[in-house]
Amino acid sequence: MNNVEIVYKKSEGLTDKYLSYCPGCTHGIIHKLVAETLVELDLIDRTVGISSVGCSVLNYDFFTCDMQQAAHGRAPAVATGIKRVRPNSIVFTYQGDGDLASIGIAEAIHAAHRGENITIVFVNNAIYGMTGGQMAPTTLIGQKTTTSPNGRDAKTQGLPLKIAEMMATIPGATYIERVSVHNPSHVRKAKKALIKAFSIQMENKGFTLIEFISTCPVNWGMTPKDAVDWAVDNMIPYYPLGVYKDKTAGEEK
Amino acid sequence: MSKVLMKGNEAMALAAIKAGCEAFYGYPITPQNELPEYLSKHMPLYNRVFVQAESEIAAINMVYGAAGAGARVLTSSSSPGIALKQEGISYMAGSELPGVIINVMRGGPGLGGIQPSQADYKQITRGGGNGDYYLYSLAPETLQEAVDLIKESFDIADYFRNPVMIAVDGLIGQMMEPVDLDREVPKWDLKPKTWIADGNTKNRKKNVINSLYLDPQDLEDHNMKLKEKYDEMRANHQRYEFINMENAEIVIIAYGSVSRIARSAIEILSEKGIKCGILRPITIFPYPKKAFSKLPLTVKNLLVVEMSTGQMLDDVIISNERGLPISFFGRVGGIVPEVEEIVEKVLEIVGGEKHE
Ligand SMILES: Cc1ncc(C[n+]2csc(CCOP(=O)(O)OP(=O)(O)O)c2C)c(N)n1
Ligand code: SF4
Ligand SMILES: [Mg+2]
């Protein structure tokens, strides 16, 4: 058996707890990428993660680093509190679109505005997953949810918020990118974005946010495969992928 | 040590520095602005953290984060801002995090006014946010007492792993008084903070700071564990002062600035031959219930005086085990009761009685 070689295994940044996510939900892929990034950069034993209110609320049990659970939307404030007193620790938040783009938009904007040296992992699935599929600020026009049963109507419910674009306008922010995890090549790109963001934090260069296009097959009422296709066909055109801000561009490596 | 003349808010800020406060997070509001202003200048000199947050909600959640990372941490505000902080205070109690909150109370409801008030008594003493929890709440009467209690409060918060509220009114925040900042205060027996989540897991297992318990039995167990702390506070950590209590026929019950005014009133009353004592609660949670069983048998009447329409009054009714008649006098809206008004009220109650 000497010729057996391990080519892939679960990240050491993840515990053995069963993930609480529905089958086909891309929250799981994003967890894996965050954990792998922290392990590869050798940060896992000097990191505090902030779990927010949403489907990912239980992820204080999933990552092997220290974790603190935050009130709905307040994760960037909690992260600020920690980072200011423990500047040598790596601090990240993991937040859904209801959490960050709605109730917690002020905390997200002001953490960026102050240039807090933290990383936000922002998971945009265009819906409130945990509470059963209500409309989020990121819900697409025409998208049916339990509180937009006839489809989101721009006249009364506004146009979906583009968080990466918006955060990129904040002078204090250092690095903002939007990625997707709908296929292996994009999963690899998403990992690169996380490596970039956490490296910037390691170098004390300031605020980073990576927006993930994510799926919610259960509340979208689709199979996992259809959900991924729907994200590609509907979300990515409205939420284009790419780097929206990079203050470190052009710096020597 | 020597006394210095300082403004209340500044002296309270310096007291926190002396107590080893490592970080302050706050948002401007009158009448407590001099406190964060002082810290914005002085915390950096001690290599400590000062952050002006975007809101009181953000500030208290920063406090929650820093406390979870093991830091000694402070926030201050006034009534409308304290209302906004309730979310984070509840999370701190639920996650068993220490921290000190200074509330320089002003009149309400709503935007209310900016003058002194005690109208947040119920919010302070009943928890204030969601869930079954309490704050150890101290209501100093003078600036010296405020300074001493703030210095001790960081120990108290650490000891109970629970937030401590310092409840003062705008009078204490705004007045200038000579104060000794280096007076010895009681030291509490503190255990090392092995529970912190500061990110450093090189030599220990991971820690989680959390208030979520989805299993009802787990949450009940957690609630009962919290209740044990509140029961210990009630059993062993009530604080109060008796003033002029010997042979008193009537007792004024008042805390904070109001008890100070009552002190002047009882002098005038004593000149008129009326023996009036004062029961001054120092902790408003736990309420000093024990004091009521120690009132001398000469006491025939109780008079509650507050800068509210009668909030502590309910605690007096609950604690009045001898069933003494209770009267109430309150001024609100930022109006401070006058000595003469209190004297008059006492005379009205004891009036007609013969004083041989
Ligand atoms: C103060 C407060 N308001 C509302 C809720 C209920 N709530 C829980 S999760 C959630 C929405 C989460 O949606 P999102 O952030 O998009 O995360 P997802 O579940 O989609 O990953 C809401 C509104 C709460 N827990 N606290
Ligand atoms: S409800 Fe949606 S977002 Fe939540 S775990 Fe299920 S699929 Fe994922
Ligand atoms: Mg969502």
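Line order of the protein sequences matches chains A and B.
Numbered by our numbering, the letters in the first sequence go through residues 399 to 651 in order.
Numbered by our numbering, the letters in the second sequence go through residues -12 to 343 in order.
Every residue, glycine too, gets a C-beta built ideally from N, C-alpha and C.
is_contact[residue i, chain E] using C-beta, thresh 7 Å
i, result
"A/Arg472", "Among the protein chains of the structure shown, namely A and B, there is no chain E."
Nearest-angstrom Cβ-Cβ length linking residue i and residue j, presumed shorter than 8 Å
i, j, result
"B/Pro275", "B/Gln225", "4 Å"
"A/Ile539", "A/Pro558", "7 Å"
"B/Leu168", "B/Ala2", "6 Å"
"B/Ile329", "B/Ala278", "Wrong, their Cβ atoms sit about 20 Å apart, outside the cutoff."
"A/Leu592", "A/Leu431", "6 Å"
"B/Pro103", "B/Met294", "6 Å"
"A/Asp464", "B/Thr181", "Not quite, the Cβ-Cβ distance comes to about 13 Å (not below 8 Å), so this is no contact."
"B/Thr243", "B/Gln131", "According to the sequence provided, residue 243 of chain B is Gly. The question's Thr does not apply to it. Not a contact, Cβ separation roughly 14 Å."
"A/Thr424", "A/Ser612", "5 Å"
"B/Val238", "B/Leu284", "The Cβ separation is near 12 Å, so there is no contact."
"A/Thr606", "A/Tyr573", "4 Å"
"B/Pro18", "B/Arg93", "6 Å"
Environment of residue i [buried if 16+ CB atoms lie within 10 Å]
i, result
"B/Asn48", "buried"
"B/Leu201", "exposed"
"A/Lys481", "buried"
"A/Val521", "buried"
"B/Gly116", "buried"
"B/Asp156", "buried"
"B/Ile249", "The question names Ile, but residue 249 of chain B is Ala in the sequence shown. The residue in question, B/Ala249, is buried, as its Cβ has 16 or more Cβ neighbours within 10 Å."
"A/Asn548", "exposed"
"A/Glu609", "buried"
"B/Pro96", "exposed"
"B/Lys72", "buried"
"B/Asp142", "buried"
"A/Tyr406", "exposed"
"A/Gly411", "buried"
"B/Arg148", "buried"
"A/Tyr637", "buried"
"B/Thr112", "buried"
"A/Met565", "buried"
For residue i, three-class secondary structure by DSSP
i, result
"B/Gly339", "Note that B/Gly339 scores 48 on pLDDT, short of 50, meaning its location in the model is unreliable and no value can be drawn from it."
"B/Leu10", "Per the sequence shown, the amino acid found at residue 10 of chain B is Ala instead of Leu. The answer is strand: DSSP assigns B/Ala10 an E or B state."
"B/Ser257", "helix"
"B/Asn117", "coil"
"B/Lys109", "helix"
"A/Lys663", "The structure shown has nothing for residue 663 of chain A, since chain A only spans 399 to 651."
"A/Phe490", "strand"
"B/Ile313", "strand"
"B/Val323", "coil"
"A/Gln555", "helix"
"B/Asn365", "Lying before the first or after the last residue shown, residue 365 of chain B is absent from chain B, which here runs from -12 to 343."
"A/Ile574", "strand"
"B/Cys263", "strand"
"B/Pro268", "strand"
"B/Gln131", "helix"
"A/Gln467", "strand"
"B/Met220", "helix"
"A/Glu438", "helix"
"B/Met294", "coil"
"B/Arg247", "helix"
"B/Lys28", "helix"
"A/Arg382", "In the structure as shown, chain A begins at 399 and stops at 651. Residue 382 of chain A is therefore absent and cannot be evaluated."
"A/Ile427", "helix"
"A/Ser409", "coil"
Near ligand 4: residue i beta-carbon under 6 Å from a heavy atom
i, result
"A/Tyr419", "Questions concerning ligand 4 fall outside what the structure shown contains, since the ligands it does hold are ligand 1, ligand 2 and ligand 3."
Task: Given 8 Å, three or more beta-carbon pairs between the region 463 to 471 of chain A and the region 494 to 502 of chain A - done: Contact annotation: the region 463 to 471 of chain A touches the region 494 to 502 of chain A, with at least three C-beta pairs closer than 8 Å.
TODO: Enumerate, from N- to C-terminal direction, the unbroken beta strand (DSSP E) stretches of 3 or more residues contained entirely within the region 492 to 541 of chain A.
DONE: 517 to 522
TODO: Pick out the complete alpha helix (DSSP H) segments inside the region 152 to 218 of chain B, 4 residues or longer, and give them in chain order.
DONE: 157 to 161
- [ ] Tell me, please, whether the region 146 to 165 of chain B touches the region 77 to 93 of chain B by the rule of three or more beta-carbon pairs shorter than 8 Å.
- [x] yes
Open item on the list: If we require 4 or more residues per run, which alpha helix (DSSP H) segments fall completely within the region 37 to 110 of chain B?
Closed with: 43 to 55, 66 to 82
Task: Any 3 or more C-beta pairs closer than 8 Å across the region 514 to 531 of chain A and the region 608 to 623 of chain A - done: yes
Task: Stretch pair the region 426 to 442 of chain A + the region 625 to 639 of chain A: three plus CB contacts closer than 8 Å - done: With contact defined as three or more Cβ pairs closer than 8 Å, the region 426 to 442 of chain A and the region 625 to 639 of chain A are not in contact.
Open item on the list: Can you confirm whether the region 32 to 46 of chain B touches the region 3 to 22 of chain B when touching is taken to mean that 3 or more C-beta pairs between the two stretches lie within less than 8 Å?
Closed with: The region 3 to 22 of chain B, when compared against the region 32 to 46 of chain B, does touch it at the 8 Å Cβ threshold.
Task: Touch test, the region 305 to 315 of chain B against the region 277 to 292 of chain B, Cβ-Cβ under 8 Å, three pairs minimum - done: yes
- [ ] Indicate whether the contact test is met: 3 or more Cβ pairs, each with one atom in the region 120 to 137 of chain B and one in the region 184 to 198 of chain B, closer than 8 Å.
- [x] no
Task: Cβ pair count under 8 Å reaching 3, the region 318 to 334 of chain B against the region 257 to 266 of chain B - done: yes
Open item on the list: Ignoring anything shorter than 3 residues, give me the beta strand (DSSP E) runs that lie fully in the region 574 to 627 of chain A, in order along the chain.
Closed with: Fully enclosed beta strand (DSSP E) runs of no fewer than 3 residues occupy 605 to 611 of the region 574 to 627 of chain A, in order along the chain.
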